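Enquirer:
2 protein chains.
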Amino acid sequence: MKQLINSSGHIRQQLLAGLTYTYNDKLDWQTGTGIVTKKLIPENKVVLISGGGCGHEPAHVGYIGENMLDCAVMGAIFEPPTSIEILQAIEQTYNGHGTLLIIKNFEKDLASFLEAERLAKAKGLLVSHVIVDDDCSIESGTFEKRRRGVAGTVFVHKILGAAASAGNSLDELQALGEALIPMIKTLGVAFSPASPIGLVPQQYELAEDEMYFGIGIHGEPGYRIETMQSSERIAIELVNKLKQQYTRKELTRAAILVNGLGGIPLLELSIFMNDVQQLLDIEDIEVGYKRMGNFLTAYNTNGLSLTLLAIKDHKWLDYLSVPTDAFGWR
Amino acid sequence: MKQLINSSGHIRQQLLAGLTYTYNDKLDWQTGTGIVTKKLIPENKVVLISGGGCGHEPAHVGYIGENMLDCAVMGAIFEPPTSIEILQAIEQTYNGHGTLLIIKNFEKDLASFLEAERLAKAKGLLVSHVIVDDDCSIESGTFEKRRRGVAGTVFVHKILGAAASAGNSLDELQALGEALIPMIKTLGVAFSPASPIGLVPQQYELAEDEMYFGIGIHGEPGYRIETMQSSERIAIELVNKLKQQYTRKELTRAAILVNGLGGIPLLELSIFMNDVQQLLDIEDIEVGYKRMGNFLTAYNTNGLSLTLLAIKDHKWLDYLSVPTDAFGWR
Numbered sequence: 001m002k003q004l005i006n007s008s009g010h011i012r013q014q015l016l017a018g019l020t021y022t023y024n025d026k027l028d029w030q031t032g033t034g035i036v037t038k039k040l041i042p043e044n045k046v047v048l049i050s051g052g053g054c055g056h057e058p059a060h061v062g063y064i065g066e067n068m069l070d071c072a073v074m075g076a077i078f079e080p081p082t083s084i085e086i087l088q089a090i091e092q093t094y095n096g097h098g099t100l101l102i103i104k105n106f107e108k109d110l111a112s113f114l115e116a117e118r119l120a121k122a123k124g125l126l127v128s129h130v131i132v133d134d135d136c137s138i139e140s141g142t143f144e145k146r147r148r149g150v151a152g153t154v155f156v157h158k159i160l161g162a163a164a165s166a167g168n169s170l171d172e173l174q175a176l177g178e179a180l181i182p183m184i185k186t187l188g189v190a191f192s193p194a195s196p197i198g199l200v201p202q203q204y205e206l207a208e209d210e211m212y213f214g215i216g217i218h219g220e221p222g223y224r225i226e227t228m229q230s231s232e233r234i235a236i237e238l239v240n241k242l243k244q245q246y247t248r249k250e251l252t253r254a255a256i257l258v259n260g261l262g263g264i265p266l267l268e269l270s271i272f273m274n275d276v277q278q279l280l281d282i283e284d285i286e287v288g289y290k291r292m293g294n295f296l297t298a299y300n301t302n303g304l305s306l307t308l309l310a311i312k313d314h315k316w317l318d319y320l321s322v323p324t325d326a327f328g329w330r
Numbered sequence: 001m002k003q004l005i006n007s008s009g010h011i012r013q014q015l016l017a018g019l020t021y022t023y024n025d026k027l028d029w030q031t032g033t034g035i036v037t038k039k040l041i042p043e044n045k046v047v048l049i050s051g052g053g054c055g056h057e058p059a060h061v062g063y064i065g066e067n068m069l070d071c072a073v074m075g076a077i078f079e080p081p082t083s084i085e086i087l088q089a090i091e092q093t094y095n096g097h098g099t100l101l102i103i104k105n106f107e108k109d110l111a112s113f114l115e116a117e118r119l120a121k122a123k124g125l126l127v128s129h130v131i132v133d134d135d136c137s138i139e140s141g142t143f144e145k146r147r148r149g150v151a152g153t154v155f156v157h158k159i160l161g162a163a164a165s166a167g168n169s170l171d172e173l174q175a176l177g178e179a180l181i182p183m184i185k186t187l188g189v190a191f192s193p194a195s196p197i198g199l200v201p202q203q204y205e206l207a208e209d210e211m212y213f214g215i216g217i218h219g220e221p222g223y224r225i226e227t228m229q230s231s232e233r234i235a236i237e238l239v240n241k242l243k244q245q246y247t248r249k250e251l252t253r254a255a256i257l258v259n260g261l262g263g264i265p266l267l268e269l270s271i272f273m274n275d276v277q278q279l280l281d282i283e284d285i286e287v288g289y290k291r292m293g294n295f296l297t298a299y300n301t302n303g304l305s306l307t308l309l310a311i312k313d314h315k316w317l318d319y320l321s322v323p324t325d326a327f328g329w330r
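For the record, the sequence lines run as chains A and B. Heads up: the first sequence runs through residues 1 to 330, numbered per the UniProt record's numbering. Heads up: the second sequence runs through residues 1 to 330, numbered per the UniProt record's numbering.
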């Protein structure tokens, strides 16, 4: 796998420079840091901050915009930002209405973001957080659930973002997040692994006719390697596994996200979406909202994930539908 | 290269089903055909139709929307639709203000679209066309310019689309297209070729350390194979070659498009965009508009193209900036 990079210079720097140049009508980047913010931080609502490692583009910079995030703090490839940079971001965007951190459930991300929250609170700032753990993959040995934060995170960005703009307080947003997140379930599959990049090695190999269920968004291995299957059969596996995470009553109405992992063409995502739709039709699950594209990628992984969000409250659908100018969502 | 497809059924059918299901609030698809239209064809403006083979997603279905196309007619993978289907599309969307066809400059596309225009005119309909030929690649033997219609086509969709909504007549739109198209220049590069799909074979091989300048959007070979280079050096080659297509005076202000060919991650496009920006800065070329992402792909080609549009008329920038809900543009 060839890579269009430069031998000198930091990947994070060049990536954020390119992204924020492209969208410089909307985004501000503090050169040399991983902090990207809206041009103007709103004064009348709770500030929403997310972030994590680079390599998931358009996440999370792509979700900065009206009715979504106010700021994203990005680390090196697949490495969360430091607590110092997150604290800096919290302080610089603070408007007195409080700040909510949206954290993907990975040990290192939690350590950085929660330490930043602790430091900010010690300075008297109002800060809170929600932890997204939508991944339904399991450890292949122990069958333990992995509960990582993956593509479903963008539903959290969107719904909490719209709710923040609608005037919800920090406590209300946290409560909304805590009601919402258990209803979001994601499962991924890879046909080729992410290439090594930066300091990140390639973590597994797949033969020419193999695929891997349950892989992660940093190139982590999954729970089962199988012979490459048709789009339809993969859709059956993912829909069935996701369905099992809910009671039948919970899953009468859903939002769905077909997410490309960075190295899969839209043609194939569309074919897969068509198969998913037919399965949900048969199951009599009403699809109230749907998205397809590259939302939270694993660098150049040839693969995809499917996310279901069981709609417990009609407001969630309204929030999903509120327009935003965030470039990753559109 | 593995493919997420199904062994039975037509790829075009499943692709268009998936796309139009995802955007069924905006698009109508006539099942079994390649014709996709806006839910409501506007009654008060010239109708804009484009199309071509599948495999270029989000083109062209993704450019149906407010201030862009009204209809896209899609053929099999990398094969234009038949003149019969194009004629059907012209007739079904006809509103009395005339219809403009936006055609990419390939022999087969021209044959289908111009025959459809002829048939429609014979029925008394007002139809005209523009031919996009932005590719600056050359034949490696003869050095003859190829002049294919490639990624710059989406600038034509956007500018003519906004001009049509602004009330331009069919003649005015054709004249605008003919002034605009010579100012659009594109050059592509591939790091890995498009995989074979449907009836389309793989057309060239690249070694692990090779790249190919001047490739086409149907997996066609380019004009020079080189050892894989850094993003910066590739940017220098593309910017230099494109610059040579203009007089210095023409190129004081430009719109740029960094287009992924379907199998390249946004991280790499962003790094490349950063390099392009620095070169244009040095050249003192003012960038009045910029876009980055997968706009007109060559199935899953790992590669990209760079498009320059020399701005002769400030209105072109205004038209580029007019909002649209077309899902491929946003």
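All C-beta atoms in this analysis are idealised placements derived from N, C-alpha and C, irrespective of residue type, glycine included. Only a predicted model underlies this, so the values are computations on that prediction, with no experimental measurement involved.
Ignoring anything shorter than 4 residues or poking outside the stretch 73–147 of chain A, list the alpha helix (DSSP H) runs there in chain order.
Expert: 83–93 and 107–122
Enquirer: Taking E117 of chain B as the reference, which of B:S128, B:K108 and B:E107 has the closest Cα?
Expert: B:S128
Enquirer: Using a threshold of 7 Å, state whether the C-beta atoms of A298 of chain B and L261 of chain B are closer than that.
Expert: yes
Enquirer: Which residues in chain A have a C-beta closer than 9 Å to the C-beta of N302 of chain B? List them in chain order.
Expert: Contact note: N302 of chain B reaches chain A through M1, K2, L4, G263 and N300, using a C-beta cutoff of 9 Å and chain order.
Enquirer: Quick check on W29 of chain A: does DSSP put it in helix, strand or coil?
Expert: strand
Enquirer: By the DSSP assignment, the beta strand (DSSP E) with T297 of chain A in it spans what residues?
Expert: First-last for T297 of chain A: undefined, no H or E at that position.
Enquirer: For a test of the three-state rule: what should DSSP assign to A235 of chain A, helix, strand or coil?
Expert: helix
Enquirer: Nearest chain A C-beta to L27 of chain B closer than 7 Å, yes or no?
Expert: no
Enquirer: What's the C-alpha gap between H97 of chain A and S165 of chain A?
Expert: In this structure, the straight-line span from the alpha carbon of H97 of chain A to that of S165 of chain A is close to 12 Å.
Enquirer: For S7 of chain A, count the other beta carbons within 10 Å of its own beta carbon; 16 or more makes it buried, fewer makes it exposed. Which is it?
Expert: exposed
Enquirer: Is there a C-beta anywhere in chain B that falls below 7 Å from the one on E66 of chain A?
Expert: no
Enquirer: Give the list of continuous alpha helix (DSSP H) stretches no shorter than 4 residues that lie fully inside the stretch 185–245 of chain A.
Expert: 231–243
Enquirer: Please state whether the Cβ-Cβ distance between L187 of chain A and L238 of chain A is less than 7 Å.
Expert: yes
Enquirer: Could you list which residues in chain B have their beta carbon closer than 7 Å to that of A17 of chain A, in chain order?
Expert: Going along chain B in sequence order, the residues near A17 of chain A (Cβ under 7 Å) are N274.
Enquirer: What residue from A:F106, A:M273, A:L309 and A:V189 has the CA that sits closest to V258 of chain A's CA?
Expert: A:M273
Enquirer: Roughly how far, in whole angstroms, is the beta-carbon of V130 of chain B from the beta-carbon of V156 of chain B, given that I think they are within contact range, below 8 Å?
Expert: 7 Å
Enquirer: Got a sec: which bits of the stretch 220–240 of chain B sit with their beta carbon under 8 Å from any beta carbon on chain A, in order along the chain?
Expert: M228, S230, S231, E232 and I234
Enquirer: Give the DSSP bridge partners of K290 of chain B, in chain order.
Expert: B:I256
Enquirer: For Y21 of chain B, which residues in chain A fall below 8 Å Cβ to Cβ?
Expert: M273, N274, Q277 and K290
Enquirer: My output table needs one value for S7 of chain B: the three-state DSSP class, helix, strand or coil.
Expert: coil
Enquirer: Our contact map puts A235 of chain B next to D275 of chain B with C-beta atoms below 8 Å; I'd like the distance itself, whole angstroms only.
Expert: 4 Å
Enquirer: Is it true that the stretch 77–85 of chain A meets the stretch 43–57 of chain A, where meeting means three or more beta-carbon pairs spaced less than 8 Å apart?
Expert: A contact between stretches requires three or more CB pairs, one per stretch, nearer than 8 Å, and the stretch 77–85 of chain A meets this requirement with the stretch 43–57 of chain A.
Enquirer: Could you list the residues in the stretch 40–59 of chain A with a C-beta less than 8 Å from some C-beta on chain B, going in chain order?
Expert: C54, G55, E57 and P58
Enquirer: Name the DSSP beta bridge partners of S50 of chain A, please?
Expert: A:A72 and A:I102
Enquirer: Roughly how many angstroms separate the alpha carbons of T37 of chain B and G124 of chain B, rounded to a whole number?
Expert: Approximately 22 Å, taken between the alpha carbons.
Enquirer: Which class does G18 of chain A belong to by DSSP, given the choice of helix, strand or coil?
Expert: helix
Enquirer: Is it buried or exposed for S321 of chain B, if we count other Cβ within 10 angstroms and need 16 for buried?
Expert: Classification for S321 of chain B: exposed.
Enquirer: Q244 of chain A: buried (16+ other C-beta within 10 angstroms of its C-beta) or exposed?
Expert: exposed
Enquirer: I35 of chain B lies in the beta strand (DSSP E); which residues open and close that run?
Expert: I35 to K38
Enquirer: When the cut-off is 7 Å and only beta carbons count, does R146 of chain B lie next to chain A?
Expert: no
Enquirer: Kindly indicate which three-state DSSP category T324 of chain A falls into: helix, strand or coil?
Expert: Correct three-state label for T324 of chain A: coil.
Enquirer: Which value, in whole angstroms, describes the spacing of the CA atoms of P196 of chain A and N44 of chain A?
Expert: 43 Å
Enquirer: From I35 of chain A to Y246 of chain A, what distance separates their C-alpha atoms?
Expert: 37 Å
Enquirer: If we define contact as Cβ-Cβ less than 7 Å, is S169 of chain B a contact residue for chain A?
Expert: Taking Cβ atoms only, chain A never reaches closer than 7 Å to S169 of chain B, which makes this a no.
Enquirer: Given a cut-off of 7 Å on the beta-carbon distance, is the pair T301 of chain B and A190 of chain B in contact?
Expert: yes
Enquirer: Measure the Cβ-Cβ separation of K104 of chain A and T33 of chain A and say whether it is below 7 Å.
Expert: No.
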